[in-house]
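Numbering (the numbering used here), first residue to last: 18 to 198. The structure appears below as structure tokens.
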Amino acid sequence: MQNLILVLLILGFMTSVAQEPKSLYDFKMQTIDGEEYDFSQLKGKKVLIVNVASKCGLTPQYEQLQQLYKKWGGDSFTILGFPANNFAGQEPGSHEEIKQFCTKNYGVTFQIFEKISVKGKKIHPLYQWLTQKDLNGQIDAKVTWNFQKFLIDEDGTIFKSVEPKVEPLNYVITDWIKRQK
């Protein structure tokens with residue numbers, strides 16, 4: 018009986034440890050070029066994570082995202098773009114087509130990743146972490162459309178989710194970038 022109680026206590030402890038929020042820095046993903054990207058290299062940086070699409074009314078936000086990256090990108094800030102075809106089929110292209118579109122039309126130099134799902138049954142683990150408070154320890158957030166932005170502080174915690182229609186150069190985002198933690 019004591020052994021059974023001990024086993025149950027250990028299992029309970031292991032379950033509670035397994036449910037601890039995963040850090041942003043634990044993720045590794047493939048870039049749009051097929052290279053592994055280790056998120057641990059982001060430690061100490063503010064990170065704007067955004068799901069993107071090439072055939073959306075909000076697609077021109079790529080221009081402001083690139084402006085934001087050009088002005089503040091570097092040692093203390095970066096942008097990570099995640100193509101997703103979850104909303105009205107607005108990102109149908111292959112990785113090569115997406116990369117070419119971003120480069121040719123908007124001169125994108127911030128990191129773009131492989132196409133993923135940002136909602137639904139096939140939601141990528143990164144977006145599970147971004148949208149579920151029980152995983153990220155901060156917020157529950159629903160991805161409502163393309164160009165939803167997640168602001169991640171230098172310590173890897175989520176600061177805020179920003180609605181898709183809020184443009185990248187909006188004060189909500191620029192003030193956050195400039196804010197010292």
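C-beta: ideal position from N, C-alpha, C; glycine also.
Open item on the list: Rounding to the nearest angstrom, what Cα-Cα distance links Gly-106 and Lys-60 in this structure?
Closed with: Rounded to whole angstroms, Gly-106 to Lys-60 spans 34 Å at the Cα level.
Task: Beta-carbon contacts of Gln-47 that lie in its chain and below 8 Å, excluding the five residues immediately before and after - done: Closer than 8 Å at Cβ, skipping near neighbours: Glu-53, Tyr-54, Phe-130, Glu-131.
Open item on the list: Give me, in chain order, the residues of the same chain whose beta-carbon lies closer than 6 Å to that of Lys-162; leave out the 5 immediate sequence neighbours on both sides.
Closed with: Here residue 162 turns out to be Trp, not Lys, going by the sequence shown. Within the same chain, Trp-162 has close Cβ partners Phe-104, Pro-181.
TODO: Please state whether DSSP places Lys-63 in a helix, a strand or coil.
DONE: Residue state, collapsed to three classes: strand.
Open item on the list: Bridge partners for Ser-178 per DSSP, in chain order?
Closed with: Answer is Phe-167, bridged to Ser-178.
- [ ] Taking all protein chains shown into account, decide if Ser-178 is buried (16 or more other Cβ within 10 angstroms of its Cβ) or exposed.
- [x] Ser-178 is classed as buried because its beta carbon has at least 16 other beta carbons within 10 Å across all chains shown.
Task: Residue ranges of each alpha helix (DSSP H) within the segment 57 to 142, 4 or longer - done: With a minimum length of 4 residues, the unbroken runs of alpha helix (DSSP H) contained wholly in the segment 57 to 142 fall at 78 to 89, 112 to 123.
Open item on the list: Quick check on Tyr-86: buried or exposed, where buried means 16 or more other Cβ atoms within 10 Å of its Cβ?
Closed with: Result: buried.
Open item on the list: Could you give the first and the last residue of the continuous alpha helix (DSSP H) run that contains Asp-172?
Closed with: Per DSSP, Asp-172 belongs to no alpha helix (DSSP H) and is neither H nor E.
Task: Sub-9 Å separation of Lys-63 and Trp-146 beta-carbons - done: No. Outside cutoff.
Open item on the list: Whole angstroms are fine: how far does the CA of Leu-65 sit from the CA of Leu-152?
Closed with: Going from the Cα of Leu-152 to the Cα of Leu-65 covers about 18 Å.
TODO: Report yes if the CB atom of Glu-113 is closer than 9 Å to the CB atom of Cys-73, and no otherwise.
DONE: In this structure, Cys-73 does not lie closer than 9 Å to Glu-113 by Cβ.
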